[in-house]
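K.L.:
Protein chains in written order, with our numbering: chain A, -5 to 325; chain B, -5 to 325.
Structure, rendered in structure tokens:
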């Protein structure tokens, strides 16, 4: 699935934001400094365990696309990454996850309590940092996105193991739980970039479509990525009852017997490794990983269209490279 | 322990804020209206299950003490109650609590996931509502208090089952996890009341001392209240490993054998009902419930002193009545 041209381009383009992302790391460390050393250490552990910092990169590149290059983007990237990390910590409790990006989760090391509380702490710190930026629109964006994400996660939980979930419901969930934070990252970049509301909406829409594509691609990876690369076992989402587009598309086309087979696996799991392999075989039979990626690619294309009217610059090239990378990455 | 004079006074005084608290209920319901009916219903369930609304009452009375009587106090009371409820939801997951105020917890009805997520949703909504008030100092107060509460809960969790916990550490924990929200409620009332920073600090300090007293009294109730009145089993905190002042004071005075007995109970629990009864007997032997309440009373006195320079009014009388009630309540 990996197209090496896009990966090379992505790696090259990423160099453009490397120095910025280094400053994000320093800023994250600075804001984690707490009078409770355990909090700093635990939060640092989870924040430094191999995240790709794609949301900070989007915020910074969106700001640079609007010719902004001041210090606000580092603090606000930290806000976004704290929120993202808080949701991961709460996710891990809910999914009983033992591994995240190949490392033991906070939940497995220190227990549910600490994972919930460090998540709460990071949420609270994010709000506090966003407030310190003293821009009402930024703060509103941060506040709105946390409401949306929580809403998306509730709906996703309610739809767990519901094989009757529609494609539209799936899109609503990923829009709220994932695309909203991508959109907010880009929007905040545009806000500090000081462009007009109309143009800001385009940058925000770029983030939304990219987030949709990112999550759809991610949902295919659950079925294909080797466990050591993804950092978590395959079929993890499915085992947790998350019914994603590849499965929804499969059920739209499968025979009654095939549907029953998938339903049984989702509802009861299986100790037999052959069963998940057969599910994967069905996904390939109906080409639903490919069709999911094709739909993700449509979002990538829509994302790119949103910002094509902006003046060409390295930030724009890099945003394009990230957009292309999203559907071709294998991790 | 119940002193009926104080209770009668409290009930009478509470009538003064009854109409205000009714408006808080309407405001809470209004802000819970979500396009995801499950969220509204679940949040409404937990928010309407018998909370005493002491924090909204404090916010409103503090505002009225400063001659404020506008609509901001209802929205901001909702902010405070959402934050309080969010922490209860996360607490219940951590404590594996089945009952809260005599009702089944969200966690026991809908599971951990929903309890965590509705908590996250209420946090996010609280921030969003606080932001809509458009007062930087209010927003800062709300944001700071959530950081403090999360910090307090982390420290409390780290100190679980640690019988070496000092009195000072106990005070630090309850200041962060409980008194901070009481203080913030009063401070917000004073902010919208538009008084000077010096006088505002007094109102805030009133809330802090009241919160300290409230938590200390609450920590004695774990050992005395009948299960049907408290809505949760007695010795619940102790079983969860929360070492509170009555136990700390007991261990300061107990014989080595008695200490060992308590230590064994805290570490290993007991299926034998006689064991918790013997722990209670020890608490009475060293009078540590009484000494804890005496220390709570000192905080009540300090609280009252803070606001004695304010012009006498019904709001002040009511704050005094609430202060007296805190150490005498039996629920």
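Glycine residues also receive a C-beta, built at the ideal position from the N, C-alpha and C atoms.
On a predicted model such as this, the values are computed, not experimentally measured, just so you know.
Determine, using beta carbons only, whether residue 144 (chain A) comes closer than 8 Å to chain B.
P.N.:
For the purposes of this step, residue 144 (chain A) is taken as residue 150 along the first chain, with counting starting at 1. It does: the Cβ of residue 144 (chain A) has a partner Cβ on chain B nearer than 8 Å.
K.L.:
Can you tell me which of the three DSSP states residue 157 (chain B) falls into?
P.N.:
Here residue 157 (chain B) refers to the residue found at position 163 of the second chain. Note: residue 157 (chain B) maps to coil in three-state DSSP.
K.L.:
The stretch 113 to 125 of chain A: which residues have C-beta closer than 7 Å to a C-beta of chain B, in chain order?
P.N.:
114, 115, 117, 118, 119, 121, 122 and 125
K.L.:
Leaving aside the five residues before and after residue 167 (chain B) along the sequence, list all residues of the same chain whose C-beta is less than 6 Å from its C-beta, in chain order.
P.N.:
Indexing the second chain from 1 puts residue 167 (chain B) at position 173. Closer than 6 Å at Cβ, skipping near neighbours: 146, 149 and 150.
K.L.:
Under DSSP, the alpha helix (DSSP H) around residue 78 (chain B) begins and ends at which residues?
P.N.:
Position 84 of the second chain, counting from 1, holds the residue named residue 78 (chain B). Unbroken alpha helix (DSSP H) run through residue 78 (chain B): 66 to 89.
K.L.:
Taking 8 Å as the cut-off, does the stretch 120 to 133 of chain B touch the stretch 253 to 272 of chain B (at least 3 CB pairs, one atom from each stretch)?
P.N.:
With a cut-off of 8 Å on Cβ pairs, the stretch 253 to 272 of chain B is not in contact with the stretch 120 to 133 of chain B, counting fewer than three such pairs.
K.L.:
Buried or exposed, going by whether 16 or more other CB atoms sit within 10 Å of the CB of residue 171 (chain B)?
P.N.:
Counted from its first residue, the second chain places residue 171 (chain B) at position 177. The residue in question, residue 171 (chain B), is buried, as its Cβ has 16 or more Cβ neighbours within 10 Å.
K.L.:
With which residues is residue 97 (chain B) paired in a DSSP beta bridge?
P.N.:
Your numbering for residue 97 (chain B) matches position 103 in the second chain. Looking at the DSSP assignment, residue 97 (chain B) forms a beta bridge with B:94.
K.L.:
Here's the rule: buried if 16 or more other CB atoms are within 10 angstroms of the residue's CB, otherwise exposed. What is residue 12 (chain B)?
P.N.:
Residue 12 (chain B) sits at position 18 when you count from the first residue of the second chain. Label assigned to residue 12 (chain B): exposed.
K.L.:
Using a Cβ-Cβ cutoff of 8 Å, what residues of the stretch 17 to 28 of chain B are near chain A? List them in chain order.
P.N.:
28
K.L.:
Taking the alpha helix (DSSP H) that residue 228 (chain A) belongs to, which residues open and close that run?
P.N.:
Reading the first chain from its first residue, position 234 is the one you call residue 228 (chain A). Counting along the chain, residue 228 (chain A) falls outside any alpha helix (DSSP H), and DSSP gives it neither H nor E.
K.L.:
In its own chain, which residues sit with a C-beta less than 6 Å from the C-beta of residue 162 (chain B), not counting the 5 before and 5 after it?
P.N.:
Counting from one through the second chain, the residue named residue 162 (chain B) turns up at place 168. Around residue 162 (chain B): no qualifying Cβ.
K.L.:
In chain order, which continuous runs of the alpha helix (DSSP H) of length 4 or greater are located wholly inside the stretch 274 to 323 of chain A?
P.N.:
Runs found: 282 to 300 and 308 to 320.
K.L.:
Any beta carbon from chain B within less than 8 Å of residue 106 (chain A)'s own beta carbon?
P.N.:
Counted from its first residue, the first chain places residue 106 (chain A) at position 112. Interface residue, yes.
K.L.:
Distance check for residue 182 (chain B) and residue 109 (chain A), CA to CA, integer angstroms please.
P.N.:
Against the first chain, residue 109 (chain A) aligns to sequence position 115. Against the second chain, residue 182 (chain B) aligns to sequence position 188. Approximately 30 Å, taken between the alpha carbons.
K.L.:
Tell me which residue opens and which closes the alpha helix (DSSP H) that residue 123 (chain B) is part of.
P.N.:
Position 129 of the second chain, counting from 1, holds the residue named residue 123 (chain B). Taken as a continuous stretch (DSSP letters only), the alpha helix (DSSP H) holding residue 123 (chain B) covers 106 to 126.
K.L.:
Could you have a look at residue 4 (chain A) and say whether DSSP puts it in helix, strand or coil?
P.N.:
On the first chain, position 10 is the one that residue 4 (chain A) refers to. Looking at residue 4 (chain A) - three-state DSSP - the assignment turns out to be helix.
K.L.:
Can you grab the Cα-Cα spacing for the pair residue 71 (chain A) / residue 256 (chain B), in whole Å?
P.N.:
Taking the first residue of the first chain as 1, we reach residue 71 (chain A) at position 77. Taking the first residue of the second chain as 1, we reach residue 256 (chain B) at position 262. Between residue 71 (chain A) and residue 256 (chain B), the C-alpha separation is close to 49 Å.
K.L.:
Can you list the residues of chain A that residue 32 (chain B) reaches, using a CB-CB cut of under 9 Å?
P.N.:
Working through the second chain from its first residue, we reach residue 32 (chain B) at position 38. At a C-beta separation below 9 Å, residue 32 (chain B) has these neighbours in chain A: 148, 149 and 152.
K.L.:
Whole angstroms are fine: how far does the CA of residue 285 (chain A) sit from the CA of residue 292 (chain A)?
P.N.:
Taking the first residue of the first chain as position 1, residue 292 (chain A) is located at position 298. Taking the first residue of the first chain as position 1, residue 285 (chain A) is located at position 291. For residue 292 (chain A) and residue 285 (chain A), the distance between alpha carbons rounds to 11 Å.
K.L.:
By the three-class DSSP mapping on this structure, what secondary structure does residue 39 (chain B) have?
P.N.:
For the purposes of this step, residue 39 (chain B) is taken as the residue at position 45 of the second chain. In this structure, residue 39 (chain B) counts as helix in the three-state DSSP scheme.
K.L.:
Could you check whether the Cβ of residue 234 (chain A) sits closer than 8 Å to any Cβ belonging to chain B?
P.N.:
The count along the first chain starts at 1 and reaches residue 234 (chain A) at position 240. Judged by the 8 Å Cβ criterion, residue 234 (chain A) is not in contact with chain B.
K.L.:
So residue 137 (chain A) contacts chain B; which residues on that side make the cut at Cβ distance below 8 Å?
P.N.:
Numbered from its first residue, the first chain carries residue 137 (chain A) at position 143. Result: 118, 121, 122 and 125.
K.L.:
Could you say which of B:179, B:169 and B:252 lies nearest to residue 51 (chain B) if we only look at CA atoms?
P.N.:
For the purposes of this step, residue 51 (chain B) is identified with residue 57 of the second chain, where counting begins at 1. Checking every option, the nearest Cα to that of residue 51 (chain B) belongs to B:179.
K.L.:
Run down chain B in chain order and give the residues with a C-beta less than 9 Å from the C-beta of residue 134 (chain A).
P.N.:
Translated into the one-based positions of the first chain, residue 134 (chain A) becomes position 140. Residues of chain B passing the Cβ test: 122, 125 and 126.
K.L.:
Taking buried to mean at least 16 other C-beta atoms within 10 Å of its own C-beta, is residue 47 (chain A) buried or exposed?
P.N.:
Counting from one through the first chain, the residue named residue 47 (chain A) turns up at place 53. By the neighbour-count criterion, in which a residue is buried when 16 or more other Cβ atoms sit within 10 angstroms of its Cβ, residue 47 (chain A) is buried.
K.L.:
Mind checking the stretch 72 to 97 of chain B against chain A and listing, in chain order, the residues whose C-beta falls within less than 7 Å of any C-beta there?
P.N.:
Cβ contacts with chain A: 84, 87 and 88.
K.L.:
Where does residue 13 (chain B) sit, in a helix, a strand or coil, going by DSSP?
P.N.:
For the purposes of this step, residue 13 (chain B) is identified with residue 19 of the second chain, where counting begins at 1. Helix, per DSSP.
K.L.:
Rounded to whole angstroms, what is the Cα-Cα separation between residue 207 (chain A) and residue 321 (chain A)?
P.N.:
Taking the first chain and counting its residues from 1, one reaches residue 207 (chain A) at position 213. Taking the first chain and counting its residues from 1, one reaches residue 321 (chain A) at position 327. Rounded to whole angstroms, residue 207 (chain A) to residue 321 (chain A) spans 7 Å at the Cα level.
K.L.:
What residue does the alpha helix (DSSP H) around residue 196 (chain B) start on, and which one ends it?
P.N.:
Stepping through the second chain from its first residue, residue 196 (chain B) is reached at position 202. Boundaries of the alpha helix (DSSP H) around residue 196 (chain B): 191 to 218.
K.L.:
Suppose the cutoff is 8 Å on Cβ atoms and the five residues either side in sequence are ignored; what does the same chain contact list for residue 34 (chain A) look like?
P.N.:
On the first chain, residue 34 (chain A) is found 40 positions in, with the first residue counted as 1. Closer than 8 Å at Cβ, skipping near neighbours: 26, 27 and 28.
K.L.:
Does residue 110 (chain A) have its Cβ less than 8 Å from a Cβ in chain B?
P.N.:
Position 116 of the first chain holds residue 110 (chain A). For residue 110 (chain A), the closest Cβ of chain B is nearer than 8 Å.
K.L.:
Can you list, in chain order, the residues of the stretch 258 to 269 of chain B whose Cβ is nearer than 8 Å to any Cβ on chain A?
P.N.:
none
K.L.:
Taking C-beta pairs closer than 8 Å, name the residues in chain B that residue 322 (chain A) reaches, listed in chain order.
P.N.:
Counted from its first residue, the first chain places residue 322 (chain A) at position 328. Correct list: empty, because the minimum Cβ distance to chain B is about 32 Å.
K.L.:
DSSP three-state label for residue 188 (chain B), please.
P.N.:
Working through the second chain from its first residue, we reach residue 188 (chain B) at position 194. Coil.
K.L.:
Taking its Cβ as the centre, do 16 or more other Cβ atoms sit within 10 Å of residue 240 (chain A), making it buried, or is it exposed?
P.N.:
Position 246 of the first chain, counted from the start, is the residue given in the question as residue 240 (chain A). So residue 240 (chain A) counts as buried.
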